[in-house]
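Protein chains in written order, with our numbering: chain L, 131 to 472; chain U, 131 to 472; chain C, 131 to 759; chain Z, 131 to 759.
Down below is the structure, laid out as structure tokens.
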Amino acid sequence: MTTATLPVYTKKDFQTDQEIRWCPGCGDYAILAAVQAVFAELGVPREKFVFISGIGCSSRFPYYMNTFGFHTIHGRAPAIATGVKLIRPDLDVWVATGDGDSLSIGGNHTIHMLRRNVGLKVLMFNNKIYGLTKGQYSPTSEVGKKAKSTPFGSVDRPFSPLSLALGSEATFIARSVDVFQQHLKETLRKAAAHQGSAYIEILQNCNIFNDGAWETITEKEARSEQVVQLEHGKPLIFGKNRDKGIRLVGLDLEVVALGNGITEKDLLVHDEHDPNPVYAFALSRMDSMPGFPTPIGVLRALQGVPRFEDLMQQQIRDVIAKKGKGDLAKLLRAGDTWELKA
Amino acid sequence: MTTATLPVYTKKDFQTDQEIRWCPGCGDYAILAAVQAVFAELGVPREKFVFISGIGCSSRFPYYMNTFGFHTIHGRAPAIATGVKLIRPDLDVWVATGDGDSLSIGGNHTIHMLRRNVGLKVLMFNNKIYGLTKGQYSPTSEVGKKAKSTPFGSVDRPFSPLSLALGSEATFIARSVDVFQQHLKETLRKAAAHQGSAYIEILQNCNIFNDGAWETITEKEARSEQVVQLEHGKPLIFGKNRDKGIRLVGLDLEVVALGNGITEKDLLVHDEHDPNPVYAFALSRMDSMPGFPTPIGVLRALQGVPRFEDLMQQQIRDVIAKKGKGDLAKLLRAGDTWELKA
Amino acid sequence: MLSNLHREGQFVMSTTISDILGRKKETIDKAVIRFCGDSGDGMQITGSQFTNTVALYGNDLATFPDYPAEIRAPAGTLPGVSGFQVHFSSSNVYTPGDSVDVLIAMNPAALKMNLSDLKTNGILIVNSDDFKETDLRKAQITVSPLEDHSLDGYRLFAVELTKLTRAALKDVGLDAKSMDRCKNFFALGMCYWLYNRSMEPTLRWLDDKFKNKPQLVIANKLAMQAGYSFCEATEAFQISYEIPPAKLSPGVYRNISGNAALALGFVAASQQARIPLFLGSYPITPASDILHELSMYKDFGVTTFQAEDEIAAVSSAIGASYTGALAITTTSGPGMALKTEAIGLAVAVELPLVVCDIQRGGPSTGLPTKTEQADLLQALYGRNSEAPVPVLAPSSPGDCFWIALEASRIAIKYMVPVIILSDGYLANGAEPWKIPTVAELPQIPVHFETDPEGFLPYKRNPSTLARPWAIPGTPGLEHRVGGIEKQDVTGNINYEPLNHEHMVRTRAEKVEGIAQDIPEIVPEGDPSGDLLIVAWGSTHGPITAAMKPMREKGHRIGHVHLRYLNPLPRNLGDILKRYKKILVPEMNMGQLVMILRAKFLVDAESYGKIQGKPFKQSEIEAKIEELLD
Amino acid sequence: MLSNLHREGQFVMSTTISDILGRKKETIDKAVIRFCGDSGDGMQITGSQFTNTVALYGNDLATFPDYPAEIRAPAGTLPGVSGFQVHFSSSNVYTPGDSVDVLIAMNPAALKMNLSDLKTNGILIVNSDDFKETDLRKAQITVSPLEDHSLDGYRLFAVELTKLTRAALKDVGLDAKSMDRCKNFFALGMCYWLYNRSMEPTLRWLDDKFKNKPQLVIANKLAMQAGYSFCEATEAFQISYEIPPAKLSPGVYRNISGNAALALGFVAASQQARIPLFLGSYPITPASDILHELSMYKDFGVTTFQAEDEIAAVSSAIGASYTGALAITTTSGPGMALKTEAIGLAVAVELPLVVCDIQRGGPSTGLPTKTEQADLLQALYGRNSEAPVPVLAPSSPGDCFWIALEASRIAIKYMVPVIILSDGYLANGAEPWKIPTVAELPQIPVHFETDPEGFLPYKRNPSTLARPWAIPGTPGLEHRVGGIEKQDVTGNINYEPLNHEHMVRTRAEKVEGIAQDIPEIVPEGDPSGDLLIVAWGSTHGPITAAMKPMREKGHRIGHVHLRYLNPLPRNLGDILKRYKKILVPEMNMGQLVMILRAKFLVDAESYGKIQGKPFKQSEIEAKIEELLD
Ligand SMILES: Cc1ncc(C[n+]2csc(CCOP(=O)(O)OP(=O)(O)O)c2C)c(N)n1
Ligand SMILES: Cc1ncc(C[n+]2csc(CCOP(=O)(O)OP(=O)(O)O)c2C)c(N)n1
Ligand code: SF4
Ligand code: SF4
Ligand SMILES: [Mg+2]
Ligand SMILES: [Mg+2]
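Shown next as structure tokens:
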């Protein structure tokens, strides 16, 4: 792969001629735009990109990306993508999925992909609803959700997708928002650079069945008060006037106002490389803690964990190095044999 | 349910006439004995116990318990048990499962059961191997495991079952060991008392396909050095001479020797009720951290989270209280109707 | 007929001005009308309102909603077109109609997609405001059909629907976009005028629907009335039509879709059985509405569990059944494929369970919103090893209610999982349904075993071969069941060769035996003759419709419509022998026909249509003619 | 014959003392011998060693291992009994034998479970040390059969195996338990004496097997030699047998089981196709060994992925196939049920894939370690909607190799998932297999599309109807595929009615067309006559065995054994017409017979055996006699 011959791409090179079939106003458009823009920059030949998806509005994504694309069946994209990676670790494989596709029917494949650290970049469009099937609650919907299948309100507690990912040994987890284009692009770039599974929760608005689900975060007013942007090596500060921060008390996080003797030094400093997942786990709980802002950005980017597909291929290379390349004629005659002459 | 009429049970009352078909020496026998003993004490009428299992050596468990028992299909026990609980929340429903049954094929049902906090007690027999299918590695097997399907060693990282459970919002997680009978019984009692999902990892020896997997913990010598027994309200101390402890440094745990200025006061004090799962998550990482002992006992017992089945039934009662009990004749004629006379 | 009608709403036909002006009013027997437009144009609501009005009036009818797989494809594009067809008549109606008398097309894309179904000289109403250059481009049309004479064969009414609606609503205080959303009601008003229908039911519905948005009530009412008046005033139509009520059998009616009827049927079954109803389901088109419906019936003690996937859905239902509930699970083809292992467990442990497969186009994701009948063989054989189950199929939306009851009855009586095969067409299509009284519903006796004396988990009822239903919580009945082969009677794990053969045959016999407990079949039409049409499911309508004209032509034709696909009615073999030829129309490649050929060695012929669309009456007629020529 | 034999091992028959002592040595044609005992007694190893030795000697043979579902049920109990049967002969061998000439029973439970299969006057060797009160109780026997004359009809040799073994090993320095573990080798030694076989191959095997445990090498060798000498010295047997080598067709042979042959076949296919082999699998009895085997062939670049479940297993294989691998997935019935949705996806996206279902007893968990053929209809129809796939079935352990190659060839050439139906009997049973040279293997040409010029993802090869295989990483071929219905040629999402019908029919046609690419069938036996036996899979052995005696009796019988179940060989219909009756023996309730009846309207009769066990030759013979009487 010589970069010298790599064509210079523009966003347009990643657009297809297929009519986009999302509802007007859907947050998916913004995500598509960001992905197309970032792909053009990554320095990867277009034919090396593969987009694999399950079923859902979000899973229509591959049709709109001028890369290799495979729109598969509900929930199974991580497993199918694992097969792709095991055969061709050099491909840049991305998964587009939804909160239902990835966490409901696809939960098992998601956690095992993360455990194995398969080198896939997973874009999980979290709109806290089943869009394509017209509005049932999902495993990320808040308790009490009134939706098509829960007219009296849901009673089950949601997953925190990023906590679940950490419980599954994820090496890279991040969160961004459909409408925060710059942030989203930056997050995608970081995911692209990660060696191993990258699980990115993208807060996405389904304006038809769950409009305003992320309002508290996306509204102009809210952005700075309700969101803390994580930056490696920087303290956890937020607020319109950057006057609030997060500090650690024992194993608990606490929101504090800066001033009155409390300075940046008292705050947690973001370390996305912390080998101990406890820190990232603590961050992943914040959005469900009343009074806390929602962290966006890369919560964890653990370096140095080998990718599943590389280890698998390495094992093959090792065996060949040791035993030599397999000889079919020999293999057929392996073990006890006897010859019968004519 | 009047305790006055409750027969006094002995362990024998929970034994069946079926021949036990585990290999001689299998750790499952000890678990069976402990469960039978504890069931006899719980003050629950025998007919209210239901044991549901998937497939695996461990999943043969229900056949040997003189309660209601259902040996189902591979991985689906939590989902089937959820159906049981939704219809009869008053039943005392237990699930017997293995590391393969619960974490491999059954991973999705396990995490969703925990998220919903269905009132099931799950005994997960972790022998780090597929026993019934004769020795393939499992999602809890250590990296490099040479087993039937990985003659050159496995390359995927294992789950920490208890981390995964916490990532799934578990309200009760515990760990015990087949051969630690008293500890196991005590753990079972605590699980029985918990309102909601209880996930108990039982370290179990498969002497045929993975003999000695827990040797470092179960060997006489090792017990006190490699194991820290969690007790609510007590500091985390271990060692033959109870001369070592665990303390917190930032978000990291540290093993310290007591003495030389370090006293019990510097140590973490176990709080199984800590509402913040970060503490339990930190504990759940310990066994995979070199130099750390394996914690056994109840890592987390979060109180006050309602059970899924209770909320579902409550919703039915609420609607009936508000609307009255449904009237079929009325329902049939609901909406716009018209009559055609003869 | 009108005098016979008592309408709950007590509305009266308003005398129309056309009567006064003396414009022509023609009484006809039936009409087929199709509303089509962009998904955002509210065509489903418009169609439903029209349907409701003609139903209340007493016409027989059938509907066919047809909507895209996308929630909302881009406005104005071909994939975004949504349609709703109503066939209403003073006679019996069996299908939504092969072709349409009146087509309302809200934009060029809708016109392009639907025009071929409009009868020559049929009425075509288009919104001429939406035929601008950009609109045409979205529909991939170069020259406006309003200008190139391509519509010459129709009675074209190019109406400025947008402009006229805005004019009507100018004082309501809505923004332009909101006003434009009311133009479907303008079109609806026109249709009411055209068929001399009262706007009363729709006015009432608007009051209720938007009770918290009074501005919308006013706006839509005004739009509808404007459409009505437009026809009246402009003399756009020189003729209007009157279709008298149908002679339906006496009783109280409502309009019902197949999915709603299934839901209602299960609630009724649970009430009749006096045990709780449990639904374990995972949403999937076109089955989701059953979950939605049942989740509203908490007052009937219904538990609806939206599971994490289809496997958990069916598994939870098995758990509920084990615990004494009437347990069901609902899905469509891809979800059905995922449930098969667990259904096999229900077969092995012999527990009642009803599995509803609302079939859609396949394979794989296929055509999620389109209809098909291609899951029959999956239902019969799609499990590992020999795992026979009864399979039932409703033949109309209203019949779904009765099938739900019957499936529940069989499941409970025989301790067996039962599969119901409905399809997208039955699920979403609606028909007037005669409401039964509770007394008319079948009894569903349930016996939970309670006696520990001599209890054994596989001791069978000698006549049904059912094992006892012994639910957890019953003192003294502690026992173990499982998916491994077991000894009959005791239920103990058993691998002996002859026991296995006995168990396999017993499970099969139990299902076969149900043939004695279901009605013999009586063919419609001729009891013997040249041709027997054997079919199942939603093909009932077009075949029934085709029978009459064909028999009037002198052909001797019978029609057997199978509601029981396994076991088959016990006299079916005899009936097959009475006809020279056998035709089996199915919306698949020939699945039932294979069963009939194998079982009865008759040279039955398959007629397959796999287009995501029901048969047309004319297609059935043509095939009959071909065969009998 | 002996002179013709070159043995790689270069061992020579040792002259036995019996020759010297002049005890009787009878030359016979064949023998069936069964070793049975507790699962812990090493019966599978004993049987395999005996098999290996007779195979090396040049006998034809067939084996039948039969082990319990439990890993190790309690020692001495009935469920713990494990058995291994070998049939070896100087003529062709087709089955492991209906009944046994020699039964070695290591304990009372084994005796009880197996005695009924021993021929009258057959040789019965029991370990009399294990017939104590407690041993009898574990086997639920009250009176010792050694004492109640119930064994009078057999040539009983009650040998103190335990005691004699311990005596032989007294100097090795093992504990009692370890010594007792060698008693199977004592029994093996006895059998070698009885059949005049050299111990050489087993001695060699022991050297290799326990190379790191020299004590065990010595102990087992001593035990075996002691058994041999015991017969020699004690004159326990007054007669020994000689079974000359068989006249097999010339070539190099090895003994192979069906699962090993499948694994080997796929490695060969991947080499012939020059693309990597990928296996996605989840362990399940009796398929797991294929995974175990293939995971050893990393030197052939084989990727074996043990997935989290069957759905992930097949899905990963689809991903690998999409990326250009020869992708396979292996499972048994319950796992197959879970894979059906994903197989439907492979049908829709038209990718090559080979799915192996090693059938076992069902339904549900059923009889995991027993054999059955009841997944045929699941393979053919167990998917939502119309999703036809080719289905192949090997007819012997060795044939599994060729079926793997053929399935791979078809999958790649036609871009279609292919199902292979093996079963527990073929999987674990072994037979001498003539090893092909690499040059004899079929070519499997692969063409990956590389030319962007005019590339369209569903542009079909006009003769095969296959679409191009355009793998990721190929510049200029970026394109999208998916499970939604698509337009032919372009592959764009398409919901149009006629396109759907076209696609459904095209997918079916593609599979049907393979009939032109597979051999016509030629019946074994009479080319026309009174009876045609049509069968598939592992029933090949007993049917072939039964043919000869029945034809010798004068019956005119043909036998068609189908290796292709979909599509069927193109001349099958013609062949069926040439016989008066058609019999279809299957280890199910009549699955293939249903297809034949439906397709050809012939009154084929089903003969079902569902006992977790293969047919016996005598059962087939009896059925033939019944039909032809
Ligand atoms: C096996 C199967 N089950 C169910 C469905 C129906 N289905 C399609 S998408 C979907 C959920 C979509 O939700 P999500 O993943 O959140 O995607 P969104 O549409 O919200 O982007 C469901 C239940 C299906 N296609 N296949
Ligand atoms: C659908 C399905 N897939 C696979 C199997 C085979 N199988 C039975 S048990 C098992 C794994 C058992 O491992 P575990 O759960 O750890 O139980 P253990 O035997 O170790 O107690 C497998 C793969 C099956 N029975 N059903
Ligand atoms: S339904 Fe919601 S998620 Fe789906 S396309 Fe429409 S707005 Fe987007
Ligand atoms: S195989 Fe292992 S886990 Fe299974 S019964 Fe035997 S010792 Fe126990
Ligand atoms: Mg969603
Ligand atoms: Mg295990």
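All C-beta atoms in this analysis are idealised placements derived from N, C-alpha and C, irrespective of residue type, glycine included.
Pair within 7 Å by beta-carbon distance, Z:Ile-574 and Z:Ile-533: Cβ atoms of Z:Ile-574 and Z:Ile-533: not closer than 7 Å.
L:Phe-422 to L:Leu-429 span [Cα, whole Å]: Their Cα atoms are separated by approximately 16 Å.
May I ask you to check if the CB of L:Thr-263 is nearer than 6 Å to at least one heavy atom of ligand 1? Under cutoff, so the answer is yes.
Could one say the Cβ of U:His-313 lies closer than 7 Å to chain C's Cβ atoms, at least one of them? False, the Cβ-Cβ gap to chain C never drops below 7 Å.
What is the rounded straight-line gap between the Cα of L:Phe-438 and the Cα of U:Gly-265? Taking the straight line from one Cα to the other gives about 22 Å.
Cβ neighbour criterion (16 or more within 10 Å) applied to Z:Phe-578: Classification for Z:Phe-578: exposed.
Out of U:Ala-226, U:Cys-153, U:Leu-162, U:Leu-136, which has the shortest C-alpha to C-alpha gap to U:Leu-172? Closest by alpha carbon: U:Leu-136.
Give me the Cβ distance between C:Gln-402 and C:Pro-547, rounded to the nearest whole Å; I'm assuming they're in contact under 8 Å. So it is not a contact: roughly 19 Å between Cβ atoms.
In terms of DSSP beta bridges, what is C:Tyr-709 paired with? C:Tyr-709 pairs with C:Gly-659.
Tell me whether the region 347 to 367 of chain Z and the region 318 to 335 of chain Z touch, counting them as touching only if at least three CB pairs, one residue from each stretch, are closer than 8 Å. In this structure the region 347 to 367 of chain Z touches the region 318 to 335 of chain Z; the number of beta carbon pairs closer than 8 Å is three or more.
Would C:Pro-592 count as contacting chain L if we go by Cβ distances under 7 Å? C:Pro-592 does not count as touching chain L.
Thinking C-beta only, is L:Ala-209 closer than 7 Å to L:Val-223? Not a contact, by the Cβ cut-off of 7 Å.
Strictly under 7 Å for the Cβ-Cβ distance: is Z:Gly-357 near chain C by that measure? So no, Z:Gly-357 is outside the interface.
Using 7 Å as the limit for Cβ to Cβ distance, is L:Thr-132 near chain U? Summary for L:Thr-132: the model assigns pLDDT 46, below 50, so the residue's position carries little reliability; its value from the coordinates is reported in the next sentence. Chain U contact via Cβ: absent.
Do you know how far the Cα of Z:Thr-433 is from the Cα of Z:Phe-408? The alpha-carbon atoms of Z:Phe-408 and Z:Thr-433 are separated by roughly 5 Å.
Any contact of the region 465 to 472 of chain Z with the region 226 to 241 of chain L, i.e. 3+ C-beta pairs under 8 Å? No, because fewer than three Cβ pairs between the region 465 to 472 of chain Z and the region 226 to 241 of chain L fall closer than 8 Å, the two stretches do not touch.
Going by DSSP, what residue range makes up the beta strand (DSSP E) through L:Gly-375? Start and end: 374 to 379.
Helix, strand or coil for Z:Met-320, going by three-state DSSP, please let me know. Correct three-state label for Z:Met-320: helix.
Beta-carbon of L:Ile-241 versus every beta-carbon of chain U: anything under 7 Å? Yes, L:Ile-241 lies at the interface with chain U (some Cβ there is under 7 Å from its Cβ).
On the CB-based measure, 16 or more other CB atoms within 10 Å of its CB, does L:Thr-301 come out buried or exposed? Counting Cβ neighbours within 10 Å, L:Thr-301 comes out buried, since at least 16 surround it.
At 8 Å on the CB atoms, spell out the chain Z contacts of L:His-201, in chain order. For L:His-201, the C-beta contacts it makes with chain Z under 8 Å involve Arg-610, Val-611, Gly-612, Gly-613, Ile-614, in order along the chain.
Evaluate the contact criterion for the region 716 to 734 of chain Z versus the region 714 to 732 of chain C: three or more CB pairs, one atom per stretch, below 8 Å. Three or more beta-carbon pairs drawn from the region 716 to 734 of chain Z and the region 714 to 732 of chain C are found closer than 8 Å, and the two stretches are therefore classed as touching.
With a Cβ-Cβ cutoff of 7 Å, do C:Ile-750 and C:Ala-676 count as a contact? Between C:Ile-750 and C:Ala-676, the C-beta spacing is below 7 Å.
Note down, in chain order, every chain C residue with its Cβ under 8 Å from the Cβ of U:Arg-196. Position check: residue 196 of chain U holds Asn in this sequence, whereas Arg was assumed. Neighbours of U:Asn-196 on chain C, chain order: Glu-608.
The region 140 to 165 of chain L: positions lying closer than 8 Å to chain Z by Cβ: Residues of the region 140 to 165 of chain L with a Cβ closer than 8 Å to any Cβ of chain Z, in chain order: Thr-146, Gln-148.
Reduced DSSP category for Z:Pro-547 - H, G, I as helix; E, B as strand; rest coil: The three-state reading of DSSP puts Z:Pro-547 in strand, counting E and B together.
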